[in-house]
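Here is the structure we will look at.
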């Protein structure tokens, strides 16, 4: 293999390696996660609620919120890196009907998507949103007072489809200079 071919092969490997891959994470609140969040995400309790880890309606450990006032229970999840997907299992032990939801927002607070589900009695439902540039999500209960359980909080960080433009320009400039030097040498 001549020097020129070896150089282009090395440059190709370096260029291909500059693309980043997506990262998926799950907080199941048994092995990871707490009321403060976990790797890649920070939780903030938005309502006057007590937060603790306790069993959920599906008999696993989860994040439990108990509203202290006549407001619903809501949690804001801020991501370290932009996400492209977020989901959470939400549930209730009660015999009443609850409405659970998740909403995703970009960095300036624009709503990117939302999903809600009704729960009757002891049950858990998964709600999710997929969209580019998710900076934070809010999940919990709508118009319902009392207890809400959360489990299996999942998110996927975004894939950077294109490397930095300056890196590509620098690579092309270097390859052009190398080709010009080889041509003059011949």
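Residue numbers (the numbering used here): 41 to 226. Idealized CB from N, CA, C, for every residue including glycine. Please read all numbers here as calculations on a predicted model, not as lab measurements.
I need the boundaries of the beta strand (DSSP E) containing residue i, first residue and last residue.
i: residue 162; result: Note, residue 162: premise wrong, no beta strand (DSSP E); not H, not E.
i: residue 87; result: First-last for residue 87: undefined, no H or E at that position.
i: residue 64; result: 63 to 67
i: residue 131; result: 114 to 132
For residue i, which residues does DSSP report across the bridge?
i: residue 103; result: 93, 190
i: residue 149; result: Residue 149 pairs with nothing; no bridge assigned.
i: residue 182; result: 139
i: residue 144; result: 153, 177
i: residue 195; result: 65, 126
i: residue 77; result: 74, 82
i: residue 170; result: 125
With a Cβ-Cβ cutoff of 7 Å, do residue i and residue j count as a contact?
i: residue 96; j: residue 189; result: yes
i: residue 178; j: residue 114; result: yes
i: residue 144; j: residue 131; result: no
i: residue 64; j: residue 80; result: no
i: residue 78; j: residue 67; result: yes
i: residue 83; j: residue 76; result: yes
i: residue 118; j: residue 164; result: no
Within a Cβ cutoff of 7 Å, which residues of the same chain sit near residue i, ignoring the five residues on either side of it in sequence?
i: residue 56; result: Per-residue confidence for residue 56 stands at a pLDDT of 48, beneath the threshold of 50, marking its modelled position as unreliable; the derived number appears in the next sentence. Excluding residues within five positions, none has a Cβ falling inside 7 Å.
i: residue 181; result: 112, 113, 138, 139, 140, 188
Output needed for residue i: all residues of its chain with C-beta closer than 6 Å, excluding positions within five of it in sequence on either side, in chain order.
i: residue 86; result: 114, 116
i: residue 91; result: 75, 85, 105
i: residue 198; result: 122, 124
i: residue 147; result: 175
i: residue 156; result: 139, 141
i: residue 171; result: 144, 152, 153
i: residue 136; result: none
i: residue 53; result: At residue 53, the pLDDT of 47 sits below 50, so the modelled position is not reliable and the matter cannot be decided from this model.
i: residue 160; result: 137
Looking only at its chain, what residues have a beta carbon closer than 8 Å to the beta carbon of residue i, apart from the 5 residues adjacent to it on each side?
i: residue 8; result: Given a span of 41 to 226 for the chain in the structure shown, any question on residue 8 remains unanswerable.
i: residue 133; result: 97, 162, 187, 189
If I'm right that residue i touches residue j with Cβ under 8 Å, what's the distance once you round it to whole angstroms?
i: residue 174; j: residue 122; result: 6 Å
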